[in-house]
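Asker: Structure provided below as structure tokens; questions to follow.
Number of protein chains: 2
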Amino acid sequence: MSQALRELRELLGPEGWVEPADQEPYLKEWRGRYRGRAAAVVRPVDTAMTAAVVRHCRASDLAIVPQSGNTGLCGGAAPDGSGSQVLLSLDRLNKIREIDPDNQTITAEAGCTLAAVQRAAAAVGRYFPLDLAAADRTMIGGALATNAGGVNVLHYGNARALALGIEVVLADGRIWNGLRGLRKDNSGYDLRNLFIGSEGTLGIITAGVLRLFTQPAQTVSAVCGLPRLERAPSLLAALQEGVGERLVGCELMSRFSVETALSLPGCEEPLAHSHPWYLLIRVTDVADATPLGERLARVLQRLDMIAEARVASHTQAAALWRLRKAIPAGQASAGASIKHDISVPISRIPAFVTAVHDAVERAVPGTRPCIFGHLGDGNLHVNLSQPPAMAAEAFTAETTRLNRIVHDLTAACAGSIAAEHGIGQLKRAALREYGDPVGLDLMRRIKTALDPDGLLNPGKVL
Amino acid sequence: MSQALRELRELLGPEGWVEPADQEPYLKEWRGRYRGRAAAVVRPVDTAMTAAVVRHCRASDLAIVPQSGNTGLCGGAAPDGSGSQVLLSLDRLNKIREIDPDNQTITAEAGCTLAAVQRAAAAVGRYFPLDLAAADRTMIGGALATNAGGVNVLHYGNARALALGIEVVLADGRIWNGLRGLRKDNSGYDLRNLFIGSEGTLGIITAGVLRLFTQPAQTVSAVCGLPRLERAPSLLAALQEGVGERLVGCELMSRFSVETALSLPGCEEPLAHSHPWYLLIRVTDVADATPLGERLARVLQRLDMIAEARVASHTQAAALWRLRKAIPAGQASAGASIKHDISVPISRIPAFVTAVHDAVERAVPGTRPCIFGHLGDGNLHVNLSQPPAMAAEAFTAETTRLNRIVHDLTAACAGSIAAEHGIGQLKRAALREYGDPVGLDLMRRIKTALDPDGLLNPGKVL
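In order, the protein sequence lines correspond to chains A and B. Mapping to the numbering used here: the first sequence position 387 is 387, numbers consecutive. All you need for the numbering used here is the position in the second sequence, starting with 1, plus 462.
What follows is the structure, given as structure tokens:
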């Protein structure tokens, strides 16, 4: 062990130093797609110690890979294979520093899980809306570093919209205290949003002041079968005209995506008949004389672009959302798949989906697009399942070609090739290819201004 | 005229070149507090010409002051007194480039007024919520450059929350096309929010893709009299629990601020009795079987912290909002005033207001705090009216001392000394004094990275 690493171990103490035998969970991405090596895995206990680690690494010319939750999908929190980088886990920074029910804010450290923040908010009668499938493992630091999305973005916005302030350890080891709990603050440049979503390449987010909301007193779900996709964007607008801001979720599922989920235990047909497309809707409201289910049923009856609809009971609603969440796992039953996380303007979704179907069929006949996602955000998961008769290896050999097809069509619709999962390592080359050159130049200038030595998370994003 | 200016005139053509006799409206801030001189006043007709102007100015070492609307309150759009700067007005970039009702977006150029965008949205059945007293003169470019707030921030957010994408002319004359209409896009750093709110010091915003919403079908206002301020923050939370996301406005007015407005024609007592504090509430909803007014009345009846409340008819609502908007003008009738635009966490408003009252009374006995603002955003206008018996000049001589008192108390409450009006020239020294030194250093680095020659709006913000 080098002198620099011995000093680092000294600085962190035994609790902050992860011995090689225990490093595996930090070095391996949870799906196993990214696995690196590290010179050290360290777990500072607070912001001051995090800053001390950064200062030490800077003096010793050690690159740092920040990690908070390790639930990302693009390899943003995985070290490279050189064994020269220091993996800095924020999982011991797990304190709720403050809850202010009247300001409707909570100040949580990077290592708090989403579930822990949700529980702390609920304990004072408030609601924290950031929610993902992995809410019990996803941590605030990672959610902010990647500007996480999830199932409530349509109404509450993504992580960026929920963070009023953040605390950041900079590349030179200084601490920027931007922990303000203000809804209006025009005193200078928006540093907060620069760090949020920068995937640990500009600074290490150690805590955030997060917005809380009133607890919804009523929650009702419904499922609609659509004969065709063409009118889905105007259906969304019509739903918003009917129920207003009560609409908090609007998920789109193709018949094929539903079928993959139906292969799993606990999943059942959402409606009596089969439909090419499904919308899964969630509405919430405060306590009210008008039961929300009746209101939603009235609105759905009026909309002629729906072939069949059902407002769900409490039990039925759980089954519907189980079905939705089962799609990624269910897709495994359909063989090899090539996945994309893209967004396009909502109005262009129907034409985009048609173009994807046509182009992948031409490229690899028999490919089954498994398309689902967040209609209200324009964010679709365009996953492609292999043709049934094809060998899995032969299909995955087409990855580059099929990626190009989906990304070219996304770009042609003025969309984003990285909607909610970020860039990490996975889409770094694609960002160089599809990103606006002027924008990329600005990003590089900012990176150089804030991390001139390239110490923070090298090989990610840029 | 120098060779560089002659070439600039050539580049712009007669329509884009403002002769000295016509320059006055561009050189003078509307309240007359800032008045500068300019080497030239130019009005490019589109983004390409704006970029050409910037390239020419850069080559000729001419500083640029961008201006869009000229309705700011902090001198951010006024040239200095040297007569060496080029004032670049964006008022000819006034095209609505695109409306996409199904994507719920509008693409508007910098010179479009808020009112024009509101009208264009309404024409396709949509709603653009950014609204200020000067909506018919405020332009999109200025609103984005200053991250404008207004009366709907509580529910819809400020200008930043309403802009999905922007187009920017950079300091080197390149154009960054960030005009995306996406609700989810995690493909790299958040450049958009860096330019928004930077007051023209990092780039010139030439167009924006703005979010539209469903038109509210019902709008109801109410006024409440509060015996004391202590419970106002929990009253806000209780209102949100009662009416949910329908609450779009929640304005606080002190009795003295109401009295100043009552001195103006067309303003009348809001309630039968006089109260130390008033809340002016606005709720909106889609069409509904339950009339919104009845619902609001039921909620208000339950809340024991309200001494007297009245749900307003349509006519009464107009009178209430006229009263609210009359406060700044009404204050003139109370003699000289010293104004502050601050924000603090909502929960700390009562203690902050008490501290301000005590401190200004100690400093200048008889000073009458005229406090009003946006309770839901924590944004208060802390205006101080002179003691009735004091000479106006003697009171304004206390400006520095009273500014310090209000700003020190704001800082002690973890607040912002520049909530919605920005920094401009007015608060540049205060930002240096009250801003976090690490944050200020980051801002300077970013300024240097994006505008190394200091060409854009020198002497503003930093």
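Every residue, glycine too, gets a C-beta built ideally from N, C-alpha and C.
Would you report the Cα separation of Gly-72 of chain A and Met-139 of chain A, rounded to the nearest angstrom?
Answerer: Using only the alpha carbons, I get a separation of about 10 Å.
Asker: Taking the CB atoms as reference points, tell me whether Thr-457 of chain B and Asn-841 of chain B lie closer together than 9 Å.
Answerer: The requested residue 457 of chain B is not part of the displayed model; chain B covers only 463 to 924.
Asker: Here's the rule I'm using: 16 or more other beta-carbon atoms within 10 Å means buried, otherwise exposed. How should Ser-416 of chain A be labelled?
Answerer: Its Cβ being crowded by 16 or more others within 10 Å, Ser-416 of chain A is buried.
Asker: Along the region 764-782 of chain B, what residues have a CB closer than 7 Å to any CB found in chain A?
Answerer: Under the 7 Å Cβ criterion, the region 764-782 of chain B contributes no residue.
Asker: I'd like to check one pair, Ala-781 of chain B with Thr-729 of chain B: are the Cβ atoms closer than 9 Å?
Answerer: The sequence shown places Cys at residue 729 of chain B, not Thr. It is a contact, given that the beta carbons lie within the stated cut-off.
Asker: Considering only residues of the same chain and omitting the five flanking positions on each side of Asp-481 of chain A, which have a CB-CB separation below 8 Å?
Answerer: Because chain A is modelled from 1 through 462, residue 481 of chain A falls outside the range shown and cannot be assessed.
Asker: Which residue's Cα is closest to the Cα of Ser-333 of chain A: A:Thr-105, A:His-357, A:Ser-385?
Answerer: For Ser-333 of chain A, the nearest C-alpha among the options comes from A:Ser-385.
Asker: Name, please, each residue of chain B whose Cβ falls closer than 8 Å to the Cβ of Trp-176 of chain A.
Answerer: Going along chain B in sequence order, the residues near Trp-176 of chain A (Cβ under 8 Å) are Asp-898, Val-900, Gly-901, Leu-904.
Asker: So, helix, strand or coil for Val-613 of chain B, using DSSP?
Answerer: If DSSP states are grouped into helix, strand and coil, Val-613 of chain B belongs with coil.
Asker: Going by the CB atoms, is the gap between Leu-226 of chain A and Pro-270 of chain A shorter than 9 Å?
Answerer: Result no, Cβ atoms of Pro-270 of chain A and Leu-226 of chain A do not sit closer than 9 Å.
Asker: Could you tell me whether the Cβ of Val-613 of chain B comes closer than 9 Å to any Cβ of chain A?
Answerer: Cβ-Cβ to chain A under 9 Å: no for Val-613 of chain B.
Asker: Any chance the region 394-413 of chain A sits against the region 172-181 of chain A, with 3 or more Cβ pairs inside 8 Å?
Answerer: No, because fewer than three Cβ pairs between the region 394-413 of chain A and the region 172-181 of chain A fall closer than 8 Å, the two stretches do not touch.
Asker: For His-883 of chain B, which residues in chain A fall below 8 Å Cβ to Cβ?
Answerer: The answer, in chain order, is Asn-186.
Asker: Given a cut-off of 9 Å on the beta-carbon distance, is the pair Thr-206 of chain A and Leu-90 of chain A in contact?
Answerer: Yes. Within cutoff.
Asker: Counting only Cβ-Cβ distances shorter than 9 Å, please list the residues of the region 238-250 of chain A near chain B, keeping chain order.
Answerer: Result list: Gln-240, Glu-241, Gly-242, Val-243, Gly-244, Glu-245, Arg-246.
Asker: Can we say the region 558-567 of chain B touches the region 907-922 of chain B, given the rule of at least three CB pairs closer than 8 Å?
Answerer: No, they do not touch.
Asker: Alpha carbon to alpha carbon, how far is Ser-68 of chain A from Pro-44 of chain A? Give it in angstroms, no decimals.
Answerer: Those two C-alpha atoms are separated by around 12 Å.
Asker: With a threshold of 8 Å, are at least 3 pairs of Cβ atoms found where one atom belongs to the region 30-44 of chain A and the other to the region 74-88 of chain A?
Answerer: Flag = yes, the region 30-44 of chain A and the region 74-88 of chain A touch.
Asker: State the beta-bridge partners of Trp-277 of chain A as determined by DSSP.
Answerer: The partner list for Trp-277 of chain A (beta bridge, DSSP) reads A:Leu-226, A:Ser-254.
Asker: Just confirm the distance between the C-beta atoms of Phe-372 of chain A and Leu-252 of chain A, as a whole number of angstroms; I'd bet it's less than 8 Å.
Answerer: Their Cβ separation, rounded to whole angstroms, is 6 Å, which keeps Phe-372 of chain A and Leu-252 of chain A in contact under 8 Å.
Asker: Who are the near neighbours of Arg-717 of chain B in its chain, counting only those whose CB is closer than 8 Å to its CB and skipping five residues on each side?
Answerer: Cβ neighbours of Arg-717 of chain B beyond the five flanking positions: Ser-736, His-737, Pro-738, Trp-739, Tyr-740.
Asker: What residues in its chain sit with their C-beta under 6 Å from that of Phe-395 of chain A, if we drop five residues either side in the sequence?
Answerer: For Phe-395 of chain A, where only same-chain residues beyond five positions count, the Cβ hits under 6 Å are Ala-336, Gln-386.
Asker: Compare the C-beta of His-381 of chain A with all C-beta atoms of chain B and state if any pair is closer than 9 Å.
Answerer: So no, His-381 of chain A is outside the interface.
Asker: Indicate whether at least one CB of chain B lies closer than 9 Å to the CB of Ile-281 of chain A.
Answerer: No - not a single Cβ of chain B is within 9 Å of the one on Ile-281 of chain A.
Asker: Using a Cβ-Cβ cut-off of 6 Å (strictly less than) and excluding sequence neighbours within five positions of Arg-282 of chain A, which residues of its own chain qualify?
Answerer: So the list reads Ser-221, Val-248, Gly-249, once near-sequence residues are dropped.
Asker: Could you tell me the alpha carbon to alpha carbon distance between Leu-742 of chain B and Ala-881 of chain B, rounded to whole angstroms?
Answerer: When rounded, the distance between both Cα atoms is 20 Å.
Asker: Cβ of Ala-449 of chain A less than 9 Å from any chain B Cβ?
Answerer: By this cut-off, Ala-449 of chain A is an interface position.
Asker: Looking at Tyr-651 of chain B and the ligand PLP, is the gap between the Cβ and the nearest heavy atom below 8 Å?
Answerer: This structure lacks the ligand PLP, and indeed carries no ligand of any kind.
Asker: How long is the line joining the alpha carbons of Arg-231 of chain A and Pro-350 of chain A, rounded to whole angstroms?
Answerer: Distance between the alpha carbons of Arg-231 of chain A and Pro-350 of chain A: 8 Å.
Asker: Using a cut-off of 9 Å between C-beta atoms, extract the partners of Val-586 of chain B located in chain A.
Answerer: Within chain A, no residue comes near Val-586 of chain B; the closest Cβ sits about 10 Å away, beyond 9 Å.
Asker: Mind checking who Met-601 of chain B pairs with in its DSSP beta bridge?
Answerer: According to DSSP, which records beta bridges pairwise, Met-601 of chain B is partnered with B:Thr-575.
Asker: With Cys-519 of chain B as the anchor, note down where its alpha helix (DSSP H) starts and where it stops.
Answerer: Counting along the chain, the alpha helix (DSSP H) containing Cys-519 of chain B begins and ends at 509-521.
Asker: Strictly below 9 Å CB to CB, what residues from chain A border Ala-623 of chain B?
Answerer: Here the neighbours are Gly-157, Ala-161.
Asker: Between Asn-532 of chain B and chain A, is there a C-beta pair that is closer than 9 Å?
Answerer: By this cut-off, Asn-532 of chain B is not an interface position.
Asker: Under 9 Å, Cβ to Cβ, is there at least one residue of chain B near Val-65 of chain A?
Answerer: It does not: the Cβ of Val-65 of chain A has no partner Cβ on chain B nearer than 9 Å.
Asker: Relative to the C-alpha of Gly-424 of chain A, which candidate in A:Asn-70, A:Arg-211, A:Pro-25 has its C-alpha closest?
Answerer: Comparing Cα positions, the closest option is A:Asn-70.
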